[in-house]
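**Q** For the sequence shown, my numbering begins at 3 and goes up steadily by one.
The beta-carbon is built from N, C-alpha and C at its ideal position, and this holds for glycine as well.
Shown below is the structure under consideration.
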Amino acid sequence: MRDYRKLVDFVWLEQGMAKSKKKAEVVFLVCDETGDMNYILRRKPGGEKLKLKKYSPRLRKHTLHSEKKK
Numbered sequence: 003m004r005d006y007r008k009l010v011d012f013v014w015l016e017q018g019m020a021k022s023k024k025k026a027e028v029v030f031l032v033c034d035e036t037g038d039m040n041y042i043l044r045r046k047p048g049g050e051k052l053k054l055k056k057y058s059p060r061l062r063k064h065t066l067h068s069e070k071k072k
């Protein structure tokens with residue numbers, strides 16, 4: 003039974019089904035007006051930087067927030 007298990011794992015890896023995925027990275031959304039880091043997101047690397055209109059607790063209104071890596 004053990005030999006069968008090893009064979010299945012080997013075939014699984016050879017076929018490329020167990021490829022490693024890109025890990026999600028932690029990204030902060032920073033308020034453009036105050037500079038506060040109000041939101042934390044986990045997203046896959048690549049693509050364009052986010053610019054979202056989110057609520058700023060300090061200003062008590064919605065402002066533009068842009069993505070910043072730590």
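#1: So residue 40 and residue 64 are in contact, right, with Cβ under 8 Å, and what is the actual spacing, rounded?
#2: Need the endpoints of the beta strand (DSSP E) that residue 62 sits in, please.
#3: Looking at C-alpha atoms only, which residue of 47, 53, 51, 70 is the closest neighbour of residue 25?
#4: Which class does residue 41 belong to by DSSP, given the choice of helix, strand or coil?
#5: Nearest-angstrom Cα distance between residue 35 and residue 55?
**A** Answer, in terms of the structure:
#1: The residue labelled residue 40 in the question sits at position 38 within the sequence shown. The residue labelled residue 64 in the question sits at position 62 within the sequence shown. Incorrect: roughly 11 Å between the Cβ atoms, too far for contact.
#2: In the sequence shown, the residue the question calls residue 62 occupies position 60. First-last for residue 62: undefined, no H or E at that position.
#3: Looking up residue 25 in the sequence shown gives position 23. Answer by Cα proximity: 47.
#4: The count along the sequence shown starts at 1 and reaches residue 41 at position 39. It is a strand residue.
#5: Taking the sequence shown and counting its residues from 1, one reaches residue 35 at position 33. Taking the sequence shown and counting its residues from 1, one reaches residue 55 at position 53. The straight-line gap from Cα to Cα measures roughly 12 Å.
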